[in-house]
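Novice: Here's a structure for you.
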DNA sequence: CGACAATGTGTAA
DNA sequence: TACACCTTGTCGA
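Below you can see the structure in the form of C-alpha cells.
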C-alpha cells in the first residue's frame, strides 16, 4: 500500500534507529529463515530507498532488499530512546505502523532494556532487534538477502526517483540524482505513445509513484490521463516531474499523501482531514473540487484510475 | 463471520 | 489480460 514517500521515511527510520549496532535478525514465520541467518548479528551500515524499494546495507556486504508490494508493512517499537530517535512521530500511517511498549522501563531507570517485541502476530517474515527497538516485516512482496551487485541490478531496472536530492555531490550518479532524473523522465515520456496514466505507473519511467500520486499529480497539472506521452511538450513533462517531486516530498514530511494543501488550506495551518486530502483519488462520482463535475473512474491495467473529465480535458 | 478491496509487481497465457 | 502472491481493514449479512 505504500508509495515512494513511505519507503523514504522507512529508510530514514532504519538509519536513525538501527544503524551502527549489531542486529538480531530472525524470521518468526520461517519463510525467510535462510536469508535471516545470512544477516543475523551483522551491523547495519545504512538504509536507502529508491522508488518503492528499500535497501538495508550490512557490514559484510550483504543487503536486505524489501519491497512492500500492495499490503506489506513494518511495525516498529522500542524503549524511550528509540521513540526519541524515531523519525516517525505522526499517527499511524499505512506501511509504517508503530507499536510502543506501554510498560514502565523508565521507572526502572534502565533505558538500555525494553520489554521487547510482542509475540509475533500473524506471519512476521523478518524481525530485526537492536538494543533499543525492534522492527517486524509482514506481507512484503520481496524480502531477500542479496549482494551489492544484485542490488545494483535492481537499481538498474528502475527509473529516476523524484525524491532523490538533486545535489550532484550527494548523488553523483546522474541517473539517480534529481536533476539528471528530471531530464531522463522528460526523455522517456516524450519518446512514447503510451498514455500518461500508464507512464506514471511505470517504475522505469519514474520510480516511486503509485496509484494515488498518479491520479493526483495528473489532476494538479490538469493533464488528461489518456494523452500519449509524446503529445506533451518538454516543458509540460518537466512541470509534471517538478510537481510530483514537490508533492511527494510533502508526503515524506507529513507521513500521508496530501495533495490539496496550499490550494484549500494555504499550506501553513493544520493538515486537512483524510476526506479532504485528495482531489480525485477515490472520489469517483463526487464533484470535482475545482469545477464541480463528477469525478470519473475507469479500470486501467487492472488499477483504478480517477480523473476529472472537465479539468483534465486537452485544451 | 465471510467477502472484498487495497497506496504493487511478476509471471503465464 | 488474468492470476498469484498473502495481509489487513471495512462492510454487509
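In our numbering, the protein residues as written are 2 to 316.
The beta carbon of each residue, even a glycine, is placed where N, CA and C say it ideally should be.
Take the Cβ of residue 221 as the centre, count every other Cβ of all protein chains shown within 10 Å, and call the residue buried at 16 or more, exposed below.
Specialist: The residue given as residue 221 occupies position 220 in the first chain. The residue is buried, with at least 16 neighbouring Cβ atoms inside 10 Å.
Novice: Run the CB neighbour count on residue 56, radius 10 Å, all protein chains shown included, and call it buried at 16 or more, exposed below.
Specialist: Indexing the first chain from 1 puts residue 56 at position 55. Residue 56 should be labelled buried.
Novice: Just the Cα atoms here: how many angstroms apart are residue 293 and residue 223?
Specialist: Numbered from 1 along the first chain, position 292 holds the residue referred to as residue 293. Numbered from 1 along the first chain, position 222 holds the residue referred to as residue 223. For residue 293 and residue 223, the distance between alpha carbons rounds to 15 Å.
Novice: With a cut-off of 8 Å, do at least 3 Cβ pairs link the region 272–286 to the region 255–264?
Specialist: As far as the Cβ criterion goes, the region 272–286 touches the region 255–264, which means the pair count is three or higher.
Novice: Could you tell me the boundaries of the beta strand (DSSP E) in which residue 6 lies?
Specialist: If you number the first chain from 1, residue 6 lands on position 5. Looking at the DSSP string, residue 6 is not in any beta strand (DSSP E); the run it does join, the alpha helix (DSSP H), is 5–18.
Novice: Rounded to whole angstroms, what is the Cα-Cα separation between residue 153 and residue 209?
Specialist: For the purposes of this step, residue 153 is taken as residue 152 along the first chain, with counting starting at 1. For the purposes of this step, residue 209 is taken as residue 208 along the first chain, with counting starting at 1. In a straight line, the C-alpha of residue 153 is about 17 Å away from that of residue 209.
Novice: Identify the continuous alpha helix (DSSP H) that holds residue 245 and give its terminal residues.
Specialist: In the first chain, counting from the first residue as 1, residue 245 sits at position 244. Where residue 245 is concerned, the enclosing alpha helix (DSSP H) stretches over 235–255.
Novice: Which class does residue 280 belong to by DSSP, given the choice of helix, strand or coil?
Specialist: For the purposes of this step, residue 280 is identified with residue 279 of the first chain, where counting begins at 1. Of the three classes helix, strand and coil, the one that applies to residue 280 here is coil, per DSSP.
Novice: Spatial neighbours of residue 200 within its chain, please: C-beta separation below 6 Å, excluding the five flanking residues on both sides.
Specialist: Against the first chain, residue 200 aligns to sequence position 199. Cβ neighbours of residue 200 beyond the five flanking positions: 190, 206, 230.
Novice: Quick one: give me the first and last residue of the alpha helix (DSSP H) that residue 220 is part of.
Specialist: Working through the first chain from its first residue, we reach residue 220 at position 219. Its alpha helix (DSSP H) spans residues 212–221.
Novice: Taking only three categories from DSSP, how would you classify residue 231?
Specialist: Locating residue 231 in the first chain gives position 230, counting from the first residue. Here residue 231 sits in helix by DSSP.
Novice: Rounding to the nearest angstrom, what Cα-Cα distance links residue 80 and residue 305 in this structure?
Specialist: For the purposes of this step, residue 80 is taken as residue 79 along the first chain, with counting starting at 1. For the purposes of this step, residue 305 is taken as residue 304 along the first chain, with counting starting at 1. One C-alpha to the other measures close to 41 Å.
Novice: I think residue 129 touches residue 59, with their Cβ atoms under 8 Å apart; what is that distance to the nearest whole Å?
Specialist: Here the question's residue 129 lines up with position 128 in the first chain. Here the question's residue 59 lines up with position 58 in the first chain. Actually they do not touch by this definition, with Cβ atoms about 11 Å apart.
Novice: Ignoring anything shorter than 3 residues or poking outside the region 51–75, list the beta strand (DSSP E) runs there in chain order.
Specialist: Qualifying beta strand (DSSP E) stretches, in chain order: 54–59, 63–68.
Novice: Helix, strand or coil: how does DSSP classify residue 22 here?
Specialist: Start at 1 with the first residue of the first chain, and residue 22 comes out as number 21. Note: residue 22 maps to coil in three-state DSSP.
Novice: Do residue 78 and residue 118 count as a contact pair if the criterion is CB distance below 8 Å?
Specialist: For the purposes of this step, residue 118 is taken as the residue at position 117 of the first chain. For the purposes of this step, residue 78 is taken as the residue at position 77 of the first chain. For residue 118 and residue 78, yes; Cβs fall inside 8 Å.
Novice: So what does DSSP say about residue 130, is it helix, strand or coil?
Specialist: Walking along the first chain from the start, residue 130 turns up at place 129. It is a strand residue.
Novice: Would you say residue 282 and residue 213 are within 8 Å of each other, going by their C-beta atoms?
Specialist: Within the first chain, the letter at position 281 stands for residue 282. Within the first chain, the letter at position 212 stands for residue 213. Against a cut-off of 8 Å, the Cβ pair of residue 213 and residue 282 comes out as a contact.
Novice: Would you give the residue range spanned by the beta strand (DSSP E) that residue 298 belongs to?
Specialist: In the first chain, residue 298 corresponds to position 297, counting from 1. Unbroken beta strand (DSSP E) run through residue 298: 297–301.
Novice: For residue 12, which residues from the same chain have a beta carbon less than 7 Å from its beta carbon, with the 5 sequence-adjacent residues on both sides left out?
Specialist: Sequence index remark: in the first chain, residue 12 carries index 11 (1-based). Around residue 12: 48, 49, 50, 55.
Novice: Just how far apart, CA to CA, sit residue 52 and residue 249?
Specialist: As a first step, residue 52 is located in the first chain; it is residue number 51 there, counting from the start. As a first step, residue 249 is located in the first chain; it is residue number 248 there, counting from the start. The straight-line gap from Cα to Cα measures roughly 11 Å.
Novice: At the level of alpha carbons, what is the spacing between residue 271 and residue 41?
Specialist: Along the first chain, read from residue 1 onward, the residue named residue 271 stands at position 270. Along the first chain, read from residue 1 onward, the residue named residue 41 stands at position 40. One C-alpha to the other measures close to 43 Å.
Novice: Take residue 237 and list the residues in its own chain whose beta-carbon comes closer than 8 Å to its own, dropping the five residues that flank it on each side.
Specialist: Position 236 of the first chain, counting from 1, holds the residue named residue 237. The answer, listed in chain order, is 222, 224.
Novice: The beta strand (DSSP E) with residue 146 in it runs from where to where?
Specialist: The residue you call residue 146 lines up with position 145 of the first chain. Start and end: 143–148.
Novice: State buried or exposed for residue 265, treating a residue as buried only when at least 16 other CB atoms are found within 10 Å of its CB.
Specialist: What you label residue 265 is simply residue 264 of the first chain in a count that begins at 1. That one is exposed.
Novice: For residue 170, I'd like the list of residues in its chain whose CB is within less than 7 Å of its CB, leaving aside the five on either flank, ordered along the chain.
Specialist: For this step, residue 170 is matched to residue 169 along the first chain. Any reading at residue 170 needs caution, since the residue's pLDDT is 46, under 50, leaving its predicted position unreliable; the model's value is listed next. Contacts found: none.
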